[in-house]
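Numbering follows our numbering, in which position 237 of the sequence shown is assigned residue number 248; successive positions increment by one, without gaps.
Heads up, the thing below is written out as structure tokens.
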Amino acid sequence: MSGLLEGAKNLVGRGGDLGDRLDGLTAATAAATGRLDDGLVENARSVVTKAQGRLKLSADHTVVGVAGATGSGKSSTFNALTGLELSAVGVRRPTTSWATACVWGSEGAQELLEWLGIPERHQTTRDSMLDTRREGHELDGVVLLDLPDHDSTEVSHHLEVDRLVELADMLVWVLDPQKYADAAIHDRYLQPLRTHSEIMVVVLNHIDRVPEDRRESMLADVRRLLDQDGLRNVPVIPVSAKLGWGIPQLKTEIAQRAAAKRANKSRLAADIKTAAVKLAKASGDAKPRSLAKPRVEALEDAIAEAAGVPTVVDAVERSVRTRARAATGWPLISWVSRLKPDPLKRLHLSLGEEATQLAGRARTSLPQTTAVERARVDTEVRQLADEAGAGLASPWRDAIRRASVSRMGDLADRLDSSVGGVDLNAERLPLWTGVVKALQWLLIVVAGVGLVWSVALLLSGAAQVGDMTPSVAGVELPYVLFIGGVGLGLLLWCVCHLLVISTARRRARVADARLRTAVAEVSRELVVDPIETELAAYSALRHGVAKALR
């Protein structure tokens, strides 16, 4: 907890703006992961890691790296700045790949030196017993590093230089009059660091070996080369480490930057900006997009077609019609309807509340998706992805295309399960069908009574005795009951036929809506959501980059 609090204090002390910019780069890096070039993302991630580590360490120290080629007098310059013979020079230079550090003000520097990876045996503090304090306190807060030769034949030297160049708050490049135009330093270090000009100083050493009449022209030539590298604001200081020429000026330049406490902020800000610019360049500058509703609906229609929704809806209508007719038809002939197979059961679709339970146990028997239907789904998915990625940079278009088909392998199973789990509301018939059914049976009973009575009268011969049989409007009651029961039953069946058709169509519309809702959920889960995730990542990267470059 104390480490976090200290890190927070350091962050506040260096300006909240730097912390905000680092947060922006962090968010942009997370959004770019798996979408932009791996090397580019890894570079941005290393910048984030380095910046987070540096912000937790001493804000009172400025890490100054002294770098140069073999024979440039880099170690002599380092010794001249420290006032001590800390680094071996010339033929006495050791073969170690470690840098040497000299610290002015040891309080709070130890963690920084550990972070830099400088072994304790290569560390010296100027406030130790070696320090005579004859030179004053102008370099207080400076951690001066003598880096290995960047052109050494030892691979370990190259790696150490590259590592510490990335970590140093300020860089002093020491050039030799005979090799100041060497492409090794210009192409590998100076030009790539043109975005970090605020933290660099170039030193032309051994100026005493250059004829006096050529010094100005040589300095002008160095200036020209630096300008070509994009380092117009980097000062060039002529020095002679051997004679001490220019060392006070160089020391003052370092001291002023260290006292202003700007070098470490400038270095981190430059690193963040450089990484953010690279992400922005690779990601493009198109505005974030959103999916068009008509295009999403077209995809849902295509998937619904492939899922057999029209087939199921038609089966629902026929099933409800068959059941309702059986329930409301004339009982003497309606039993024939029950002999017809239920269209929904043939599809292995549940008809009621048991849908959810059965959905996970067995597949439906919906017709296989045709090649035309599959092609239409593929076309709609491709068009949705293309429209979503229109105008975006190639990596994002590719990411959207990959996301759009990343889960298509699950589509068939998910649709089958989803369709099979929908309550189609086809089993539960309206209450009025029960009333009609009861009425139909009542009319059958009435007709039956009339029939039996009529037959009984005929057999008993009582039919000729009209005054003994009740009549209605001159028609004997047994015939009225028989003919009325049959006639009203058939009439009721005809009237209900229209109601059955209306009910079946209404239930089909409800089933269609429920099925399409289920299909839309599958479409969103497997296609739309993955695409929107990529669009959200692009928007997050744009926002993060903008924040990092603020």
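Heads up, the beta-carbon is just placed ideally off N, CA and C, and yes, glycines get one too.
Problem - Burial state of Cys507 (16 or more Cβ within 10 Å) - result: buried
Exercise for the section: Compute the Euclidean distance between the alpha carbons of Trp504 and Gly432, then round it to the nearest angstrom. Expected result: 34 Å
Practice task
Enumerate, from N- to C-terminal direction, the unbroken beta strand (DSSP E) stretches of 3 or more residues contained entirely within the region 35 to 72.
Solution key: none
Problem - the region 281 to 294 / the region 401 to 411 touching (three or more Cβ pairs under 8 Å) - result: yes
Problem - Coil, strand or helix - Gly555 by DSSP - result: helix
Practice task
Report yes if the CB atom of Leu155 is closer than 8 Å to the CB atom of Ala112, and no otherwise.
Solution key: yes
Handout entry: Uninterrupted beta strand (DSSP E) stretches inside the region 406 to 478 (no shorter than 3 residues)
Key = none
Handout entry: Beta-carbon spacing of Ala547, Leu290 below 8 Å
Key = no
Problem - Cutoff 8 Å; reference Ala281; Cβ partners in own chain excluding five residues on either side - result: Thr206, His207, Glu209, Ile210
Practice task
Reducing DSSP to helix, strand and coil, say where Trp126 ends up.
Solution key: helix
Handout entry: Between the CA atoms of Pro321 and Gln368 - distance to the nearest angstrom
Key = Residue confidence is low: Gln368 scores 44 on pLDDT, short of 50, so the model does not pin down where it sits. No coordinate-derived value is stated.
Practice task
Note down the Cα distance separating Ile218 from Met181, rounded to an integer number of angstroms.
Solution key: 23 Å
Handout entry: Nearest-angstrom beta carbon gap, Ala194 and Gly84 [assumed within contact, 8 Å]
Key = Actually they do not touch by this definition, with Cβ atoms about 20 Å apart.
Practice task
Report the rounded CA-to-CA distance for Lys558 versus Ala396, giving the unit in angstroms.
Solution key: 28 Å
Handout entry: Complete runs of the alpha helix (DSSP H) confined to the region 145 to 227 [at least 4 residues]
Key = 166 to 178
Exercise for the section: Count the CB pairs spanning the region 407 to 418 and the region 537 to 547 that are closer than 8 Å, and state whether there are at least three. Expected result: yes
Exercise for the section: Within 10 angstroms of the Cβ of Asp523, are there 16 or more other Cβ atoms? Answer buried if so, exposed if not. Expected result: buried
Handout entry: Three-state class that DSSP yields for Ser117 in the structure shown
Key = coil
Problem - Contact under 8 Å by Cβ, Pro481 with Leu488 - result: yes
Practice task
Report the residue from Arg385, Val456, Ser330 whose alpha carbon sits nearest the alpha carbon of Asn436.
Solution key: Ser330
Exercise for the section: Could you tell me if Gln239 is buried or exposed, where buried requires 16 or more neighbouring beta carbons within 10 angstroms of its beta carbon? Expected result: exposed
Handout entry: Closer than 8 Å to chain C by CB, Pro305
Key = In the structure shown, chain C does not exist; there is a single protein chain.
Problem - Under the three-state DSSP convention, the category Gly255 falls into - result: coil
Practice task
In the DSSP assignment, find the unbroken alpha helix (DSSP H) run with Pro305 in it and report its ends.
Solution key: 304 to 317
Exercise for the section: Would you mind working out which of Thr285, Leu469, Thr164, Ala266 sits nearest Leu204, comparing C-alpha positions? Expected result: Thr285
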